[in-house]
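Chemist: Sharing a structure here in structure tokens format.
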Amino acid sequence: MKIITDQKHSSDSTLNVPEDTRYIEKIAKLFGLDEQNIEVYKVLFGQIWELEKKLKDYYSKYEKLKRR
1 MKIITDQKHS
11 SDSTLNVPED
21 TRYIEKIAKL
31 FGLDEQNIEV
41 YKVLFGQIWE
51 LEKKLKDYYS
61 KYEKLKRR
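In the working numbering, the protein residues as written are 1 to 68.
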């Protein structure tokens with residue numbers, strides 16, 4: 001899972017939901033989690049991804065306003 005840690009270098013940490021979802025499935029199976037838990041992790045990851053995207057968009061808007 002890739003997390004945006006520095007907004008100035010966000011291009012270095014692009015989010016890839018399908019790839020990261022497969023990664024989560026592999027990790028969950030390694031830990032012996034059942035299908036229900038895997039689905040919960042995928043849903044939570046999707047929500048986190050959406051929030052990260054919104055945060056990135058808000059930050060971009062903030063930077064534009066700050067320059068004015």
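C-beta: ideal position from N, C-alpha, C; glycine also.
Can you tell which of 50, 68, 37, 45 has the C-alpha that lies nearest to the C-alpha of residue 20?
Modeler: Looking at the Cα atoms, 45 is the closest of the given residues.
Chemist: Helix, strand or coil: how does DSSP classify residue 45 here?
Modeler: Of the three classes helix, strand and coil, the one that applies to residue 45 here is helix, per DSSP.
Chemist: Could you have a look at residue 55 and say whether DSSP puts it in helix, strand or coil?
Modeler: Correct three-state label for residue 55: helix.
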